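Accompanying notes for the structure given below.
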Amino acid sequence: MTGAPRFRYPLESVLRKHEWDVEALALEHASTSKALREHEAEQARLRAVLHDTNAGLARLRAAGANLDLARQRLLLDYRAAQEEAALAQQAQVQAAQSLCEQIAQQLLRARQSVKSFENHRTDLRDAHERDARVLAAKEADDAWLMGRRFEGAAP
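What follows is the structure, given as structure tokens:
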């Protein structure tokens, strides 16, 4: 009986700490998800620029187009630089995806931990209430038996 309150308060503190961890991880996951969306948007922008550059090169090479070698060379150099940027952006997207997945896994584990602590708290509360009922019934039985014993001893 006296042990239950002793365990209750530290358990509540631990539970609160884990709930705060879940909140912190949820915020971190939200920020990494936002960063991932920004990286994906930049990647889409770079792909659109590459598409436009390739279309420009195709127009320069089309039959009947004026042969402008300087412009074609500039577009080829620009395309090469944009391809490098697209590859670098792809690496950033993959890194952001990996980080986002790691944080999502940590968040899932933290939520499971909180759920486990909540279940443990419920189990302890139920055990405490059950023990209190058993003790109350035992005390009532002892009081009844003591009363019967004194009634039988009286002349």
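Numbering (this note's numbering), first residue to last: 1153 to 1307. Glycine residues also receive a C-beta, built at the ideal position from the N, C-alpha and C atoms. In this text the structure is predicted, and so the values were computed from the model without any measurement.
For this session: Run the CB neighbour count on histidine 1203, radius 10 Å, all protein chains shown included, and call it buried at 16 or more, exposed below.
Result: Translated into the one-based positions of the sequence shown, residue 1203 becomes position 51. Exposed, because fewer than 16 other Cβ atoms sit within 10 Å of the Cβ of histidine 1203.
For this session: Can you tell me the Cβ-Cβ gap for tyrosine 1269 and valine 1166, rounded? I've got them flagged as a contact below 8 Å.
Result: Counted from its first residue, the sequence shown places residue 1269 at position 117. Counted from its first residue, the sequence shown places residue 1166 at position 14. Note that residue 1269 corresponds to phenylalanine in the displayed sequence, not to tyrosine. With 8 Å as the limit, phenylalanine 1269 and valine 1166 qualify as a contact, their Cβ atoms being about 6 Å apart.
For this session: Tell me whether leucine 1228 is buried or exposed, calling it buried when 16 or more other Cβ atoms sit within 10 Å of its Cβ.
Result: Along the sequence shown, read from residue 1 onward, the residue named residue 1228 stands at position 76. Leucine 1228 comes out exposed.
Exercise. Which of the three DSSP states, helix, strand or coil, is assigned to glycine 1216?
Worked result: As a working note, residue 1216 is residue 64 in the sequence shown. In the structure shown, glycine 1216 sits in coil (DSSP, three-state: anything other than H, G, I, E or B).
For this session: For leucine 1177, collect the residues of the same chain with a Cβ closer than 7 Å to its Cβ; drop the 5 residues on either side in sequence, then sort them by chain order.
Result: Counting from one through the sequence shown, the residue named residue 1177 turns up at place 25. Correct list, in chain order: Ile1255, Gln1258, Leu1259, Ala1262.
Problem set entry | Cβ-based burial, threonine 1274 [other Cβ within 10 Å; buried from 16] | Numbered from 1 along the sequence shown, position 122 holds the residue referred to as residue 1274. Exposed.
Exercise. Quick one: any contact between the segment 1216 to 1227 and the segment 1276 to 1295, if contact means 3 or more CB pairs under 8 Å?
Worked result: no
Exercise. Skipping 5 residues on each side, what residues in its chain have a beta carbon closer than 7 Å to that of tyrosine 1230?
Worked result: As a position in the sequence shown, residue 1230 is number 78, starting the count at 1. Counting only Cβ-Cβ distances below 7 Å, and skipping sequence neighbours, we find Thr1205.
For this session: Compute the Euclidean distance between the alpha carbons of arginine 1199 and arginine 1213, then round it to the nearest angstrom.
Result: The residue given as residue 1199 occupies position 47 in the sequence shown. The residue given as residue 1213 occupies position 61 in the sequence shown. Near 21 Å, if we compare the C-alpha coordinates of arginine 1213 and arginine 1199.
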